[in-house]
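If you read the sequence shown in this note's numbering, its first letter stands for residue 2, the second for the next number, and so on.
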Amino acid sequence: MSIPVKPLNSGNPIDHRLSVAPMLDWTDRHCRYFYRVMSKHTVLYTEMVTTGAIIFGKGDYLSFNKEEHPVVLQLGGSDVKAMTECAKMAEQYGYDEININVGCPSDRVQNGRFGACLMAEPSLVADCVNEMQAAANIPVTVKSRIGIDDHDSYEFLHNFVDVVSQADCKHFIIHARKAWLSGLSPKQNREVPPLDYGRVYQIKKDFPQLQISINGGIKTYDEANEHLTHIDGVMIGREIYQNPYMLVEADNAIYQTNTDILSREQIVAEMARYIDIHIANGGRAWHVVRHMLGLCNGLAGARQFRRYLSEQCSGNEVTSQVLFDAFAQVTLPAGE
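Laid out in structure tokens, this is it:
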């Protein structure tokens, strides 16, 4: 694989007060560009990419739009040598950070010896962090659960954070549910195990020198700001994917900026421009608009908007006009 000349990244420490969770098959570069149009400060994560895909895959799994910064590569793997090689490549591509997936509970991930099962091997995770940070001059962070299977005591989580932080990992994103490694699907693992925000708060109290972010079940900025009185960052996933227009309020609500709120019409116009560029480079409109189906949720005509895009974007000859035509099905609220 040829590696591009390293582009300029943001050059500043990332403010993790709000981030969009890495979501497999969802948060690709088109999705992240869409989100960046609406929020300039929210931290964006790639979907999880495995070391095998990066090193041996035929495609380019690391490319992204320069507008996406701050952007974090989420990496799946446990082989220290492979993780280190990918860390070097991520730095060359210009990523702002690398995040190690120690939270995904799927069978496929476990068979590859990464994801949530690695919580049982904190020394291995620490070795990965240590070697990756020695090889690349960008931060390496860890995203985990609060526990796995019957290893769900506070002491288990405390020990994991303690061991890994000694490898100079300074930022942990903790999904405030444990993971069942067998018996539950990934979807059920996001819903069935109960949330325990207090356990994450306690980690921050016990490790005040670390950055601690929280993930799981958070739906509003009011909830996010309440969490931020206890910890350093909040990560939201499916709520943003299903209702992406909420991101237009993120910079003001979380980062206390004084930013003009983009209208849906402005977002559609910008994304149509992006679609034109993507098509000119050999892509299809559906690659982009599939992430936009929730843009008009809550408005009259939202169902027609979704249906029109889903039905009209199957062909290869579709242009960005399909987005304008779909948007014409929607009745906007007064003032927008």
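Cβ coordinates follow ideal geometry from the N, Cα and C atoms, glycine included.
What is the DSSP secondary structure of residue 306, counted as helix, strand or coil?
helix
Leaving out five residues before and five after residue 121 in sequence, what residues of the same chain have Cβ atoms less than 7 angstroms from its Cβ?
149 and 152
The alpha helix (DSSP H) with residue 155 in it runs from where to where?
155-166
With DSSP as the reference, identify every bridge partner of residue 55, one or two as the case may be.
BP columns for residue 55 are empty, so no partner.
Determine the DSSP secondary structure at residue 19, reduced to helix, strand or coil.
Three-state result, residue 19: strand.
Give the C-beta separation of residue 275 and residue 34 to the nearest angstrom, bearing in mind that I take them to be a contact with Cβ-Cβ under 8 angstroms.
6 angstroms
To the nearest angstrom, how far is the alpha carbon of residue 3 from that of residue 63?
Caution applies to residue 3, whose pLDDT of 38 falls short of 50 and renders its modelled position unreliable; the value that the coordinates give is listed next. For residue 3 and residue 63, the distance between alpha carbons rounds to 11 angstroms.
Find the nearest neighbour of residue 50 within the set 317, 102 and 119, judged by alpha-carbon distance.
Residue 50 has its Cα closest to that of 102, out of 317, 102 and 119.
Residue 98 bridges to which residues according to DSSP?
73
To the nearest angstrom, how far is the alpha carbon of residue 167 from that of residue 160?
11 angstroms
Quick one: is residue 8 buried, meaning 16 or more other Cβ sit within 10 Å of its Cβ, or exposed?
Because residue 8 sits at a pLDDT of 39, beneath the cut-off of 50, its placement in the model cannot be relied upon, and the point is left open.
Use the C-beta contact count for residue 347: other C-beta atoms within 10 angstroms, 16 or more gives buried, fewer gives exposed.
Only positions 2 to 337 of the chain appear in the structure, and residue 347 is not among them; the question remains open.
Under 6 angstroms Cβ to Cβ from residue 319, same chain only, skipping five residues before and after it: list those, please.
286
Give a yes or no on contact between the region 74-87 and the region 255-273, applying the rule of three or more CB pairs nearer than 8 angstroms.
No, the region 74-87 is not in contact with the region 255-273.
What are the boundary residues of the alpha helix (DSSP H) that residue 131 is part of?
123-136
Is it right to say residue 156 is buried, meaning 16 or more other beta carbons lie within 10 angstroms of its own, or is it exposed?
exposed
Grab me the residues of residue 164's own chain with a C-beta within less than 7 angstroms of its C-beta, minus the 5 sequence neighbours each way, in chain order.
Residues of the same chain with a CB within less than 7 angstroms of the CB of residue 164, apart from the 5 flanking positions on each side, are 123, 124 and 127 in chain order.
Confirm the yes/no value for this check: CB of residue 136, any heavy atom of the ligand FMN, distance under 7 angstroms.
In the structure shown, the ligand FMN is absent, as is every other ligand, since no ligand is present at all.
Does the separation of the CB atoms of residue 100 and residue 171 fall below 8 angstroms?
Taking 8 angstroms as the cut-off, the beta carbon of residue 100 is found no closer than this to the beta carbon of residue 171.
Determine the DSSP secondary structure at residue 145, reduced to helix, strand or coil.
strand
Assess contact between the region 240-253 and the region 14-30, defined as three or more Cβ pairs (one per stretch) separated by less than 8 angstroms. Is contact present?
yes
Out of 238, 258 and 262, state which residue places its alpha-carbon closest to the alpha-carbon of residue 249.
262
For residue 328, does the count of other Cβ atoms within 10 angstroms reach 16, so buried, or fall short, so exposed?
Classification for residue 328: buried.
Check the C-beta distance from residue 146 over to residue 199 and give it rounded, since I have them as a contact under 8 angstroms.
A Cβ-Cβ distance of about 15 angstroms is found for the pair residue 146 and residue 199, leaving them out of contact under the 8 angstroms criterion.
Where residue 173 and residue 220 are concerned, what is the direct C-alpha to C-alpha distance, given to the nearest angstrom?
20 angstroms
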